[in-house]
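Here the structure comes first, spelled out in structure tokens, and everything after it is commentary.
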Amino acid sequence: MSSFHKLTVATIKRETNDSISIAFDIPENLKDTFTFIAGQYITLKTVINGYEIRRDYSLCISPKSGELKVAVKAVKDGTFSSYANNELKVGDTLEVAPPKGRFIFEPNDSKTKNIAAFAAGSGITPVLSIIKCALEEEVYSKVILVYGNKTTKDTMFLNELLELQHTYKDRFSIQFVFSQQDEDDSIFGRIEKSTVNYVMKNKHKHIEVDAFYLCGPEAMIHTVKDVLTDHGIDENRIHFELFKAAKPSEINEEVVANGKTKTTIIVDDEEFSFEMPQKQTVLEAALDEDIDAPYSCQGGICSSCLARIKEGEATMAQNNILTENEVAEGLILTCQAHPTTPTLVVDYDDV
Numbered sequence: 001m002s003s004f005h006k007l008t009v010a011t012i013k014r015e016t017n018d019s020i021s022i023a024f025d026i027p028e029n030l031k032d033t034f035t036f037i038a039g040q041y042i043t044l045k046t047v048i049n050g051y052e053i054r055r056d057y058s059l060c061i062s063p064k065s066g067e068l069k070v071a072v073k074a075v076k077d078g079t080f081s082s083y084a085n086n087e088l089k090v091g092d093t094l095e096v097a098p099p100k101g102r103f104i105f106e107p108n109d110s111k112t113k114n115i116a117a118f119a120a121g122s123g124i125t126p127v128l129s130i131i132k133c134a135l136e137e138e139v140y141s142k143v144i145l146v147y148g149n150k151t152t153k154d155t156m157f158l159n160e161l162l163e164l165q166h167t168y169k170d171r172f173s174i175q176f177v178f179s180q181q182d183e184d185d186s187i188f189g190r191i192e193k194s195t196v197n198y199v200m201k202n203k204h205k206h207i208e209v210d211a212f213y214l215c216g217p218e219a220m221i222h223t224v225k226d227v228l229t230d231h232g233i234d235e236n237r238i239h240f241e242l243f244k245a246a247k248p249s250e251i252n253e254e255v256v257a258n259g260k261t262k263t264t265i266i267v268d269d270e271e272f273s274f275e276m277p278q279k280q281t282v283l284e285a286a287l288d289e290d291i292d293a294p295y296s297c298q299g300g301i302c303s304s305c306l307a308r309i310k311e312g313e314a315t316m317a318q319n320n321i322l323t324e325n326e327v328a329e330g331l332i333l334t335c336q337a338h339p340t341t342p343t344l345v346v347d348y349d350d351v
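Per the working numbering, the sequence shown starts with residue 1, numbered consecutively.
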């Protein structure tokens, strides 16, 4: 299981008016702990106004960089993002969990392949890590990026991306999309069906793409994925990560029972048993019992609370991550899972 480590903030850089990047000092004895795969994220934990806050942020550097850096965009009413953008200082410490995540790119320089990435807003952060890794470690592969923002001023890592494009001009192509600014060589509007068709069927029709990486709001991801599958792209070649899921009112929640379930939780080789109402999620019940279960977003869009059902059944109100096969194998997001049987055994260690 993941444990948190206190890390010192080494640098803070203003990326846009409402976003920063944060790099951490990594002690020599923790360098192996914080080794990561391109596309992964880290969970940051701190106390703000007396409340413990946990947030996931994707790493935005290449695995070979020797750095540990994330980007944080301020969002409306965002407790941690506002704190990070306005109050966090170099020299402060945050608790940081080791990298994790399933939205990953693992390079293989023995095989030349091409990737295409679609990102919107802060969805660029894991995609930037993937792009850097592919360009650095797969020396013959080509990378296509479609990147949507409001304006150039709102575009995170704009100069860094342009520098990468200059350095790898024969291998890296960027198509900017701006919804509130008309720029030369950019597309005006949002990433939609026509954007995908233009980039993949016109501008880069001569490139056969082996893998697609999508990151951003749920609507954009569904749009891009639907167009790609309509063109016959195998879903196994399409990888995605949500940065913003549907609002709870937009989710068709499963009807959960009013009964109670005798529940056993296994975490860090310890076993805890208690009775819980089926209206409650497994994670909520575990936290009420002061069990140190892993979690972060509590909204079903990260995989921090992943566990496996060993006995009994549960239904998830929302699932944006797990495949049908993984659910069939007993994996659940405990922040979304409600028991549906008289007994339930959940193992956080067996994932």
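Virtual Cβ for every residue (Gly too), placed ideally from N, Cα, C.
Residue i versus the options, residue with shortest Cα-Cα distance
i: Lys225; options: Lys69, Thr8, Ala116; result: Ala116
i: Lys260; options: Glu271, Thr281, Ile266; result: Thr281
i: Lys155; options: His166, Phe36, Ile124; result: The residue asked about is misnamed: residue 155 is Thr in this sequence, not Lys. Ranking His166, Phe36, Ile124 by Cα distance to Thr155 puts Ile124 first.
i: Ala10; options: Ile20, Asp25, Asn17, Ser19; result: Asp25
i: Thr16; options: His5, Val72, Asn29; result: Val72
i: Pro339; options: Glu284, Glu324, Gly216; result: Glu284
i: Ala38; options: Gln298, Ile61, Gly189, Ser19; result: Ile61
i: Asp56; options: Gly50, Pro63, Gly78, Asn49; result: Gly78
i: Thr167; options: Lys132, Asp185, Ser186; result: Lys132
i: Leu89; options: Ser173, Lys111, Ile20; result: Looking at the sequence itself, residue 89 is Lys, so the reference to Leu does not match. Cα-wise, what sits closest to Lys89 is Ile20.
i: Phe36; options: Lys64, Val47, Ile48; result: Lys64
i: Val227; options: Ser194, His206, Val209, Asn202; result: Ser194
i: His5; options: Phe80, Val70, Val96; result: Val96
i: Cys305; options: Val47, Asn85, Lys100, Lys76; result: Lys100
i: Ser122; options: Lys142, Asn197, Asp18, Glu208; result: Asp18
i: Ser186; options: Phe34, Leu145, Asn49, Glu163; result: Leu145
i: Leu344; options: Glu324, Arg308, Asp184; result: Arg308
i: His239; options: Asn202, Ile130, Val327, Phe274; result: Ile130
i: Asn49; options: Pro27, Thr33, Val75, Phe80; result: Phe80
i: Ala257; options: Gly330, Thr341, Ala328; result: Thr341
i: Thr229; options: Val196, Thr43, Glu28; result: Val196
i: Asn31; options: Glu218, Leu7, Val47, Asp292; result: The sequence given here has Lys at residue 31, not Asn. Among Glu218, Leu7, Val47, Asp292, the Cα nearest to that of Lys31 belongs to Leu7.
i: Ser3; options: Thr43, Pro27, Ile12; result: Thr43
i: Tyr83; options: Ile12, Phe105, Asn29, Lys111; result: Ile12
i: Asp92; options: Ser110, Val47, Phe105, Gln165; result: Val47
i: Lys262; options: Asn85, Val346, Glu326; result: Val346
Beta carbon of residue i nearer than 8 angstroms to that of residue j
i: Leu135; j: Arg171; result: yes
i: Ala120; j: Met220; result: yes
i: Glu241; j: Phe103; result: yes
i: Ala23; j: Glu52; result: no
i: Ile332; j: Asn320; result: no
i: Arg54; j: Tyr295; result: yes
i: Leu59; j: Phe118; result: no
i: Tyr41; j: Pro98; result: no
i: Lys69; j: Asp210; result: no
i: Tyr147; j: Val177; result: yes
i: Met316; j: Ala337; result: yes
i: Thr223; j: Glu192; result: yes
i: Pro107; j: Glu87; result: no
i: Arg190; j: Ser173; result: no
i: Lys373; j: Ile207; result: The first residue shown for the chain is 1 and the last is 351, placing residue 373 beyond what the model contains.
Cβ separation of residue i and residue j, assumed to be a contact under 8 angstroms, to the nearest whole Å
i: Lys45; j: Leu94; result: 7 angstroms
i: Val199; j: Gln181; result: Their Cβ separation, rounded to whole angstroms, is 19 angstroms, which puts Val199 and Gln181 out of contact at 8 angstroms.
i: Cys335; j: Gln278; result: Their Cβ separation, rounded to whole angstroms, is 15 angstroms, which puts Cys335 and Gln278 out of contact at 8 angstroms.
i: Phe188; j: Gly216; result: That pair is no contact at about 18 angstroms.
i: Arg237; j: Phe274; result: Not confirmed; about 43 angstroms, so no contact.
Practice prompt. Determine contact between the segment 298-314 and the segment 225-234, defined as no fewer than three beta-carbon pairs at a distance below 8 angstroms.
Written response: Flag = no, the segment 298-314 and the segment 225-234 do not touch.
Practice prompt. Specify whether the segment 264-279 and the segment 340-351 touch according to this definition: at least 3 beta carbon pairs, one from each stretch, less than 8 angstroms apart.
Written response: At 8 angstroms Cβ cutoff, the stretches touch.
Worksheet item: Quick one: complete alpha helix (DSSP H) runs, 4+ long, within the segment 88-148?
Response: The alpha helix (DSSP H) runs of length 4 or more contained entirely in the segment 88-148 are, from start to end of the chain, 124-137.
Discussion item. List, from N- to C-terminal side, the alpha helix (DSSP H) runs of 4 residues or more that fit wholly inside the segment 20-87.
Written reply: Counting whole runs of 4 or more residues, the segment 20-87 contains the alpha helix (DSSP H) stretches 79-86.
Worksheet item: Could you give the uninterrupted runs of the beta strand (DSSP E) lying entirely in the segment 265-289, keeping only those of 3 residues or more?
Response: Those beta strand (DSSP E) runs which fall completely within the segment 265-289 and span 3+ residues are 270-277.
Discussion item. So within the segment 145-197, which uninterrupted alpha helix (DSSP H) runs reach at least 4 residues, ignoring any that extend past its ends?
Written reply: Taken in chain order, the complete alpha helix (DSSP H) segments of 4 residues or longer contained in the segment 145-197 are 158-167.
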